[in-house]
Each structure stands twice: as structure tokens, then as C-alpha cells.
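Scroll down for the structure; my scribbles are underneath it.
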Amino acid sequence: MTFWDHIDELRKALFYPFLVFLGLTVAAFVLKEPVFDLVLAPNSPDFITYRFAPGSQEVEAVVLNLISTELTAQFMMHMKVSFYAGLLLTLPLLFYKLFRYAAPGLYENEKRYSSRVIFFSFLAFFSGILVNYFVIFPFSLRFLAGYQVSAEVVNMITLNSYMGTLITLSLLMGVCFELPVLSWLLSRLGLLKAAFLKKYRRHAVVIILIVAAVITQTTDIFTLLLVSLPIMLLYELSILIARFTERNHAAPAQEVKL
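In C-alpha cells, the structure reads:
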């Protein structure tokens, strides 16, 4: 096909996901109450994570009373949350259509590995979002909500601040959870070795702490460790995945040599 034929095929591939995105965004906008019940659930003392947390009886004392300081803030936040909800739910379909668009130009083994990368990338990304929603954000919220430098200073957190922290942490944790998939892909291509990851483990810990500090945008050690610990575990998992991948690809090469 010509260049413009490819563009036309790409337009057709993106058209259906775009319609689905619009439909899901409108649906999220209309279903305001259940959507915001889900989004604001970590601020409730009945949230499932708090039931299993130590000192759960003290949660109610640190629940935030969110405020809105601008006339259009709540409406704009409603629009923003609807947009992100529609985009998040449309992503699997979007990447599936893009894969179908590119598949005719791939060899069979390339199709197989590409489908694996896409599947596990989505699995890792949504796992990161769930870990943030059920673990990192609730405990960070619980800690920061009850933190005071003085009894004379009262915490009055805006809705924009709450949502901005939740969305930012969800996005960044989703990206961080891609580390094992990226390690597998680079190891599969021969661009990354487990020995390299082990050698620079200490450097990685420092970088992870810096990244966690940027993600949390707070100075408290509790939140910093809460975010950095899962990333460190992902780094260790990446070492195991790289080692496993190297062994699997080293075995055929030894058999041919013999």
C-alpha cells in the first residue's frame, strides 16, 4: 500500500476506539455518584484496606474533609475524572487495534512476542494502579491527613490536591510496574544482563529513592518508603526475570555447539 493507504488504515483502526472512548467518558460523566464513590473511597474509614490495618479504630479521626476553593473546581474535576476513566478503560482496545494494524507486517515469532509484551504490559500497568489504590495511596493519605506541625495548623485539603495526588501516584506506579516487562524484553534482545542489574543494585536503590521522592512530593519518610519498597521489589524481580531469560536462551546455543 501507499503511504496514504497506510494512513487511511490507521484512521480506521483508531476510529472505533475513539467512539468507545467518547461513550465511556460520557458514561463516567453521567454516573457521577458511583465513580466518585470509588475515587473517594480511600478517604472513608470503611475502606477495605483500613479494616486490616493496625490501629484501624483510629482511622476515622484522620479522615479528610475535602474542600473546593474555586467556583468551577468541582465541575472541572468531574470532567477530568470522566476523561481519565474513559481513557483508562479504552486503552486495552486501543492497543489491540494498533496491534491488529501492525500485525500484517510482522513475522509469526514477532507477532507472538509482541502480543506477550502487550498483554503483560497491561497486566503490570493495571497491577501498579491497583497497588497504589489499595496500598500506597490509602496509607499515604492516612499518614498525611493526621500529620500536623502544630495543633494550631488545621489540615484543609482541596479536592484538586486529593485527586492530583491519586492520579499522579496511579500513573507513576503503573509505569514503575512495567520494569519487569522491560527487563524481560531487553534481556530477550540481549541488551540487558542480570549481572549488570546486580552490579548496580546499590545505585538503583539511590535512584529509586530519588524517584519515590519525586513521585510522593513529600518530605515524610513513611510515604517515601511506602512508594520505594514496591519499586525495589520490582527491581529484584527484574533481576530474576533477566537471569531466567538468559538461561532459556543460553541452553539452545549450548546444544547446537555440542
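Going left to right, the sequence shown walks through residues 27 to 284 as the working numbering numbers them. Here a beta-carbon is modelled for each residue, glycine too, at the ideal position from N, C-alpha and C.
With DSSP as the reference, label THR116 as helix, strand or coil. Translated into positions along the sequence shown, residue 116 becomes position 90. DSSP places THR116 in the helix class (H, G or I) of the three-state scheme.
Compute the Euclidean distance between the alpha carbons of SER91 and PHE73, then round it to the nearest angstrom. Here residue 91 refers to the residue found at position 65 of the sequence shown. Here residue 73 refers to the residue found at position 47 of the sequence shown. Before going further, note that residue 91 is Asn rather than Ser in the sequence given. Looking at the two C-alpha atoms, the distance is approximately 16 Å.
Whole-Å CB distance - LEU124 paired with ALA39, under 8 Å assumed: Working through the sequence shown from its first residue, we reach residue 124 at position 98. Working through the sequence shown from its first residue, we reach residue 39 at position 13. Rounded, the Cβ-Cβ distance is 6 Å, consistent with contact.
Report all residues from its chain with a CB closer than 7 Å to the CB of ALA277; omit the five preceding and five following residues, and keep chain order. In the sequence shown, counting from the first residue as 1, residue 277 sits at position 251. Low confidence applies to ALA277: its pLDDT is 48, below 50, so where it sits in the model is not reliable, and the reading given next is rough at best. Listed in chain order, the non-local C-beta contacts of ALA277 below 7 Å within the same chain number zero, local neighbours out to five positions each way being set aside.
What would DSSP say about THR184, mapped onto helix, strand or coil? Within the sequence shown, the letter at position 158 stands for residue 184. Three-state result, THR184: strand.
Quick check: the region 104-116 against the region 60-67, are there 3 or more CB pairs under 8 Å? The region 104-116 makes contact with the region 60-67: 3 or more CB pairs, one atom from each, lie closer than 8 Å.
Which runs of the alpha helix (DSSP H) fall wholly inside the region 42-98 and span at least 4 residues, in chain order? Annotation: the region 42-98 contains the following complete segments of the alpha helix (DSSP H) (minimum length 4 residues), in chain order: 58-65, 74-77.
Only counting the same chain, and skipping five residues up and downstream in sequence, which positions put a Cβ closer than 6 Å to that of GLU96? Here the question's residue 96 lines up with position 70 in the sequence shown. Excluding its 5 nearest sequence neighbours in each direction, GLU96 has no C-beta neighbour in its own chain below 6 Å.
Is there contact here, the region 223-237 with the region 168-182, by at least three beta-carbon pairs under 8 Å? The region 223-237, when compared against the region 168-182, does not touch it at the 8 Å Cβ threshold.
Considering only their Cβ atoms, is the gap separating ALA239 from LEU250 smaller than 8 Å? Locating residue 250 in the sequence shown gives position 224, counting from the first residue. Locating residue 239 in the sequence shown gives position 213, counting from the first residue. Judged by beta-carbon spacing, ALA239 lies within the 8 Å limit of LEU250, meaning their Cβ atoms are closer than that value.
Thinking just about the alpha-carbon of each residue, which of TYR139, ALA171, MET103, SER209 is nearest to the one in PHE55? Translated into positions along the sequence shown, residue 55 becomes position 29. Comparing alpha carbon positions, the residue from TYR139, ALA171, MET103, SER209 closest to PHE55 is MET103.
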